[in-house]
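Peer 1:
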Amino acid sequence: MLRIDKPLKTRKRLALTPLIDVIFILVMFFLLSSTFGVWQPLDVSLSSEQGADVANTAAQAKVPSVLMAIRSGPEPNSSTVTINGIDFPKTKMVDELNRLAGLGAEDVFLLPAEDVDFQEVVTLLDLARSSNIARISMKVD
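Residue numbering for the sequence shown follows the numbering used here, beginning at 19 and increasing consecutively.
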């Protein structure tokens, strides 16, 4: 009888080129997607429970701080801005902060109500930052 030997099974080598290509494409995707996102920081200091930071800063500067409260408005996605006890529309808020900065105010202490939309708070913070006020602190619960 004839005897035929079966060839030994050889392991097929794993091709690394497609794997490297996929990893390179993933790296490029994450690199490009992270550079297209525009992040703009807001310089806001968070106050302590009693607002001692703002009180100490105002006492050192001998200038009264500005108290700005944000409440929900009567319409959805609207808010009411109160600066030192007087209601102002958003369009006049920067003018009032600039006027107070001209009188010597340097700090704004922002008190947003719990029901105010987060985007509205960020929008008002951005507006306040465009004024001549030096520092903005915010009370967060």
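Ideal placement from N, C-alpha and C gives every residue a C-beta, glycine not left out.
None of the values given here were measured: they were computed from a predicted structure.
Given a cut-off of 8 Å on the beta-carbon distance, is the pair M111 and I104 in contact?
Peer 2: Contact check for M111 against I104 fails: the beta carbons are separated by 8 Å or more.
Peer 1: Just how far apart, CA to CA, sit I38 and L44?
Peer 2: Straight-line Cα distance between these residues: approximately 10 Å.
Peer 1: Which class does M126 belong to by DSSP, given the choice of helix, strand or coil?
Peer 2: In the sequence as presented, Met is not what sits at residue 126; that position holds Val. The answer is strand: DSSP assigns V126 an E or B state.
Peer 1: When DSSP labels each residue in this structure, what does I151 get in the three-state scheme?
Peer 2: coil
Peer 1: How long is the line joining the alpha carbons of L143 and I151, rounded to whole angstroms?
Peer 2: Distance between the alpha carbons of L143 and I151 is about 11 Å.
Peer 1: Give the straight-line distance between the Cα atoms of D135 and S96, rounded to the nearest whole angstrom.
Peer 2: 9 Å
Peer 1: Take the Cβ of I88 as the centre, count every other Cβ of all protein chains shown within 10 Å, and call the residue buried at 16 or more, exposed below.
Peer 2: buried
Peer 1: Sorry if obvious, but does the Cβ on L49 come closer than 7 Å to a heavy atom of the ligand GTP?
Peer 2: As far as ligands go, the structure on display features none, and thus does not contain the ligand GTP.
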